[in-house]
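In this note's numbering, the protein residues as written are 68 to 202.
Let me begin by presenting the structure, written as structure tokens, before commenting on it.
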């Protein structure tokens with residue numbers, strides 16, 4: 068194995084990397100001062116660049132069939148939705164029709180290789196209320 072190569076640097080927190088199918092770039096979510104966007108970094112040198120604006124992105128995955136990134140986010144403060152974003156930054160509404168606001172952990176999801184199935188994390192908060200009699 069070779070020595071690791073840093074793909075990102077600078078301020079903020081970078082997480083949830085996903086490979087583009089051709090293997091030349093990695094997309095990831097970057098949060099800086101509570102603003103989360105999707106960025107793309109070239110693998111063989113170059114500078115990472117944002118591909119979303121105002122997304123408040125929680126997670127992005129590559130949909131190889133559609134040739135786009137599927138991004139879960141809350142564009143413009145709206146309820147979390149999926150949008151398709153090309154590696155060049157063009158975006159459009161898209162994705163499965165279910166309530167992403169129910170998805171826990173910020174809408175973490177994945178797309179099957181054929182683009183037909185989605186998995187996602189959904190929070191199911193429950194609790195019990197107990198009564199304790201004072202002695």
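C-beta atoms are modelled at their ideal positions from N, C-alpha and C, and glycine is treated no differently.
Every value quoted in this text rests on a predicted model; they were computed, and no experiment measured them.
*Is residue 140 helix, strand or coil by DSSP?*
strand
*Same chain only: Cβ atoms within 6 Å of residue 108, ignoring 5 sequence neighbours per side*: 74, 75, 93, 115
*In the DSSP assignment, what are the bridge partners of residue 176?*
BP columns for residue 176 point to 187.
*Does the Cβ of residue 97 have 16 or more other Cβ atoms within 10 Å, making it buried, or fewer, making it exposed?*
buried
*residue 159: buried (16+ other C-beta within 10 angstroms of its C-beta) or exposed?*
exposed
*Inter-residue Cα distance where the pair is residue 206 and residue 186*: Here the chain covers residues 68 to 202 and nothing more, so residue 206 does not appear.
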